[in-house]
Amino acid sequence: MKETVTTTHLQMDAREEFNPRYLDDPAVVVREVDVPNPSINHFFFTEGGLPFRWYSRLRWTYRDWEEYVRAPENRTWIGSLSGSPFGYLELQSRRETTEIMFFGILRQFIGQGLGAHLLSHAIERAWAIEGTSNVYVHTCTQDHPAALGNYLARGFRVVKEEIEVEEIPDADDPVWSTPAYYRSLVAPTPR
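Numbering-wise, the working numbering comes out as the position in the sequence shown, counting from 1, plus 1453.
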């Protein structure tokens, strides 16, 4: 199905532009995934992105996810509330630019201020990566309606907007129900 998608590219050029918003709640914890695990990133991408029809990685196999999370420039953090994971963030360091690749909150935790809290941690960690001179993120009309406002409130500025017609899988496309990830884990049937 063809759909018009607007993508907004945002950037922060100095730490001083960062306007954090943290929750004052010891039950909210953000920790780095020290042992890369493709299942974690896959879970959060599909569960966090499904309500907004994120589809860009649905055709990735287990091996694709494994290569991605094991690349030294990629790092992942998980946010939890009283021990229950509520969201994740992925950072990718590319010389002077650190990009927030994906950032998502599970649907039952939306609207509790956890998005601003987790984004603040993402930006803080991005600036902590050696050599970072700017932090980049993009959002689009396939994201939560409050995403752009959250980025702007944290100090990002819009650097470019693009409008494109994209081919988004129809609701009955098997990619939604049986992602390549799961198909790649099933052992082949012996002959």
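A virtual CB, placed ideally from N, CA and C, is assigned to each residue, including glycine.
Determine the DSSP secondary structure at residue i, reduced to helix, strand or coil.
i	result
N1472	coil
T1459	strand
T1499	helix
I1553	strand
G1584	coil
I1558	strand
F1539	strand
Compare the C-beta of residue i against all C-beta atoms of chain B and say whether one is closer than 8 Å.
i	result
Y1541	No chain B is part of this structure, which consists of one protein chain only.
Can you find the residues in the same chain that come closer than 8 Å, C-beta to C-beta, to residue i, ignoring five residues on each side of it along the sequence?
i	result
G1540	F1497, G1501, I1531, G1532, F1556, G1557, I1558, L1559, F1562, L1567, G1568 and L1571
E1614	T1459, T1460, T1461 and H1462
Does the Cβ of residue i have 16 or more other Cβ atoms within 10 Å, making it buried, or fewer, making it exposed?
i	result
A1600	buried
S1573	buried
D1626	exposed
D1596	buried
P1491	buried
Who are the near neighbours of residue i in its chain, counting only those whose CB is closer than 7 Å to its CB and skipping five residues on each side?
i	result
D1466	N1587
Between residue i and the rest of its own chain, which residues show a CB-CB distance below 6 Å, the 5 nearest in sequence each way excluded?
i	result
E1543	T1529, M1554 and F1555
T1594	V1458 and T1459
P1489	V1522 and R1523
Measuring straight from C-alpha to C-alpha, what distance separates residue i and residue j?
i	j	result
Q1545	H1462	16 Å
E1552	F1471	15 Å
W1513	A1633	6 Å
G1584	T1550	8 Å
W1629	I1616	24 Å
L1511	M1454	16 Å
I1621	E1456	7 Å
Run the proximity test for residue i: is its beta-carbon closer than 7 Å to any non-hydrogen atom belonging to the ligand COA?
i	result
A1480	The ligand COA is not part of this structure, which contains no ligands at all.
Okay, do the region 1505 to 1523 and the region 1571 to 1582 touch, 3+ Cβ pairs below 8 Å being the bar? no
Is there contact between the region 1477 to 1487 and the region 1604 to 1613, where contact requires at least three CB pairs shorter than 8 Å? no
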